[in-house]
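In our numbering, the protein residues as written are -10 to 163.
Read through the structure below, which is laid out as structure tokens, and then see the notes.
As structure tokens, then:
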């Protein structure tokens, strides 16, 4: 079965209609690339269990590249931060935060793949988002002092300068 077939073009040559067979047929109409060059893509074939080399038009390659945004939107919707507010700015901020976390998770997966880390050792999106939230919560949390006797080995104590309080009494004018 042929994977890509140019079905029709407009009479003036400004619109092209392409039928692409992947898991099902997809019709793509384009006025951006009408007579594109033939390009080669590698779709996954379920029956053979491997990638195939298939020639297709440039419109199909642009379509497949644009589908990445749809996948990203799907990933954002999986673990969306729900906020009940009528203020649009809060919904925009949480959406931007979710988008940044999903992008960071995708980069984390690429880095784990480059470092030859096993897939069972990488975090899924929910646990990655929980780790990011825990790190953000504990950024400025003071470290609690240890209880009990001091240990024999001296620990380096950070030298903190406290601002001097000039006078704790209220001013005379008050």
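Backbone N, C-alpha and C fix where the C-beta goes; we use that ideal spot for every residue, glycine too.
Which of the three DSSP states is assigned to residue 39 in this structure?
In the chain shown, counting from the first residue as 1, residue 39 sits at position 50. In the structure shown, residue 39 sits in a strand (DSSP, three-state: E or B).
Give me the Cβ distance between residue 45 and residue 22, rounded to the nearest whole Å; I'm assuming they're in contact under 8 Å.
In the chain shown, residue 45 corresponds to position 56, counting from 1. In the chain shown, residue 22 corresponds to position 33, counting from 1. Residue 22 and residue 45 do not touch by the CB rule: their CB atoms are close to 12 Å apart, not below 8 Å.
Where residue 76 sits in the DSSP three-state scheme:
Counting from one through the chain shown, the residue named residue 76 turns up at place 87. If DSSP states are grouped into helix, strand and coil, residue 76 belongs with coil.
As assigned by DSSP and simplified to three states, the class of residue 7:
Here residue 7 is taken as the residue at index 18 of the chain shown, counted from 1. Residue 7: strand per DSSP, three-state reduction.
Quick one: which unbroken alpha helix (DSSP H) runs of 4-plus residues sit fully inside the stretch 73 to 134? Chain order, please.
As far as the stretch 73 to 134 is concerned, its whole alpha helix (DSSP H) runs of at least 4 residues are 77 to 103 and 114 to 126.
From residue 40 to residue 51, what does the alpha carbon distance come to, in whole angstroms?
On the chain shown, residue 40 is found 51 positions in, with the first residue counted as 1. On the chain shown, residue 51 is found 62 positions in, with the first residue counted as 1. Roughly 19 Å separates the two Cα atoms.
So if DSSP puts residue 29 in a beta bridge, which residue, or which two residues, is it bridged to?
The count along the chain shown starts at 1 and reaches residue 29 at position 40. Residue pairing by DSSP places residue 29 opposite 44 in a beta bridge.
Reducing DSSP to helix, strand and coil, say where residue 49 ends up.
Walking along the chain shown from the start, residue 49 turns up at place 60. Residue 49 falls in the helix class under three-state DSSP.
Residue 66 in three-state terms, based on DSSP:
By 1-based counting over the chain shown, the position of residue 66 is 77. If DSSP states are grouped into helix, strand and coil, residue 66 belongs with the helices.
Kindly give me the distance between the Cβ atoms of residue 173 and residue 8, rounded to whole angstroms, as I take these residues to be in contact under 8 Å.
With the chain represented from -10 up to 163, any question about residue 173 goes unanswered, as that position is not in the structure.
Assigned secondary structure, residue 34 (DSSP; H/G/I helix, E/B strand, else coil):
For the purposes of this step, residue 34 is identified with residue 45 of the chain shown, where counting begins at 1. Assignment of residue 34 by DSSP, reduced to helix, strand and coil, places it in the strand class.
For residue 63 and residue 42, what's the separation of their Cα atoms in angstroms?
Start at 1 with the first residue of the chain shown, and residue 63 comes out as number 74. Start at 1 with the first residue of the chain shown, and residue 42 comes out as number 53. Taking the straight line joining both Cα atoms gives about 27 Å.
What residues in its chain sit with their C-beta under 6 Å from that of residue 70, if we drop five residues either side in the sequence?
Mapped onto the chain shown, residue 70 falls at position 81. Hits under 6 Å: 83 and 87.
Assuming the contact rule is C-beta atoms closer than 8 Å, residue 128 and residue 114 should be a hit. Round their C-beta distance to whole Å, please.
As a working mapping, residue 128 is identified with position 139 in the chain shown. As a working mapping, residue 114 is identified with position 125 in the chain shown. Contact between residue 128 and residue 114 fails: their C-beta atoms lie close to 22 Å from each other, not under 8 Å.
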